[in-house]
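*Asks:*
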Ligand SMILES: [Zn+2]
């Protein structure tokens, strides 16, 4: 009897991916969280990867951009059958600060985009961030990390409103930020808001409007306010708690 379509092996998935996380599993395997342009975040298992003679070598470390062949298995995890390095981002691994910034970027993507819904712009943004951190260690400054998150909020559809008061539409006297209201608010609507300096406001607008590499400079005070606006927006609208970019104040 001829095999029906449902009996056939599903076609393997051939995709570019960025390795977000790579966790040891069992004796020799690794479980990977990967972010792909067409399938969003995927979980996959790479078998035998930790054996000395593994055909995968070091190609499944976090922050690698790869071209992978993935097969559907019985469970939720795909199986990695082949992988080629597109970009190893080796320079990024040489410094603790860039390594840490890359880890936080991957963590934010994994938290805000955990479904297999495609967001090719998120893949492009993460690829851009990792390439920047690899090419230029000064890009691990907090302004870059916050600009990256703002662009993620935009892709997630929860970017704060910055053009006018999010509560009443007033275009002037925008002095505070309210995640619950959805963005910047005017002096009449600031009851549930926290004060936002002009400089922090200009940072948010500038960081959203410019390329990631040109995130505006701002004082630590302004960056702390911007970070609070971003963190409260992610918490209020996506129920996601992001790891802080700026170290806690001593
Ligand atoms: Zn208002």
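Residue numbers (this note's numbering): 4 to 253.
Ideal Cβ positions, reconstructed from N, Cα and C, are used throughout, including at glycine.
None of the values given here were measured: they were computed from a predicted structure.
Are the CB atoms of residue 155 and residue 163 nearer to each other than 9 Å?
*Replies:* Not a contact, by the Cβ cut-off of 9 Å.
*Asks:* Cβ of residue 172 within 8 Å of any heavy atom in ligand 1?
*Replies:* Yes - ligand 1 has a heavy atom lying nearer than 8 Å to the Cβ of residue 172.
*Asks:* With distance defined between alpha-carbon atoms, name the residue in 30, 185, 64 and 110 nearest to residue 22.
*Replies:* The option with the nearest alpha carbon to residue 22 is 64.
*Asks:* Please state whether DSSP places residue 50 in a helix, a strand or coil.
*Replies:* It is coil, neither helix nor strand.
*Asks:* By Cβ distance, which residues of its chain are closer than 8 Å to residue 183, with the 5 residues on each side in sequence left out?
*Replies:* Taken in chain order, the residues that qualify are 195 and 239.
*Asks:* Would you please state the rounded distance, in angstroms, between the beta carbons of residue 35 and residue 55? I believe it to be under 8 Å.
*Replies:* Incorrect: roughly 19 Å between the Cβ atoms, too far for contact.
*Asks:* Does DSSP put residue 8 in a helix, a strand or coil?
*Replies:* The predicted position of residue 8 is uncertain, since its pLDDT is 48 and thus under 50; a value taken from the coordinates is nonetheless stated next. In this structure, residue 8 counts as helix in the three-state DSSP scheme.
*Asks:* Let me see if you follow: with CB-CB separation under 9 Å, is residue 212 close to chain B or not?
*Replies:* Among the chains of the structure shown, chain B does not appear; only one protein chain is present.
*Asks:* Is the CB-CB distance between residue 229 and residue 245 below 9 Å?
*Replies:* Cβ distance not < 9 Å, so residue 229 and residue 245 don't count as in contact.
*Asks:* Residues in the same chain with beta-carbon distance under 7 Å from residue 91, minus the five sequence neighbours each way, listed in chain order, please.
*Replies:* Excluding sequence neighbours, residue 91 sits near 67.
*Asks:* Apart from the five residues just before and just after residue 124, which ones in its own chain have a Cβ nearer than 7 Å to its Cβ?
*Replies:* Within the same chain, residue 124 has close Cβ partners 158.
*Asks:* As an exercise, report each continuous alpha helix (DSSP H) stretch of at least 4 residues that is fully enclosed by the region 168-225, in chain order.
*Replies:* Whole alpha helix (DSSP H) segments, 4+ residues: 201-212.
*Asks:* Tell whether a beta-carbon distance below 9 Å holds between residue 52 and residue 24.
*Replies:* Taking 9 Å as the Cβ cut-off, residue 52 and residue 24 do not qualify as a contacting pair.
*Asks:* Quick one: what's got a C-beta closer than 7 Å to residue 231's C-beta in the same chain, skipping five residues either side?
*Replies:* Only 197 meet the Cβ criterion.
*Asks:* Taking just the CA atoms, how far does residue 224 sit from residue 140?
*Replies:* Their Cα atoms are separated by approximately 23 Å.
*Asks:* Is the number of C-beta pairs between the region 102-113 and the region 127-137 that are closer than 8 Å three or more?
*Replies:* Yes, since at least three Cβ pairs between the region 102-113 and the region 127-137 fall closer than 8 Å, the two stretches touch.
*Asks:* Is DSSP giving residue 63 helix, strand or coil here?
*Replies:* Of the three classes helix, strand and coil, the one that applies to residue 63 here is coil, per DSSP.
*Asks:* Restricting to Cα atoms, I'd like to know which of 214, 106 and 16 is closest to residue 86.
*Replies:* Residue 86 has its Cα closest to that of 16, out of 214, 106 and 16.
*Asks:* Can you name, in chain order, every residue of its own chain whose Cβ lies under 6 Å from the Cβ of residue 107, other than the five neighbours on each side?
*Replies:* Counting only Cβ-Cβ distances below 6 Å, and skipping sequence neighbours, we find 246.
*Asks:* Please classify residue 71: does DSSP put it in a helix, a strand, or coil?
*Replies:* Strand.
*Asks:* Nearest to residue 42 by alpha carbon, out of 120, 89, 31 and 30?
*Replies:* Nearest of 120, 89, 31 and 30 to residue 42, Cα basis: 120.
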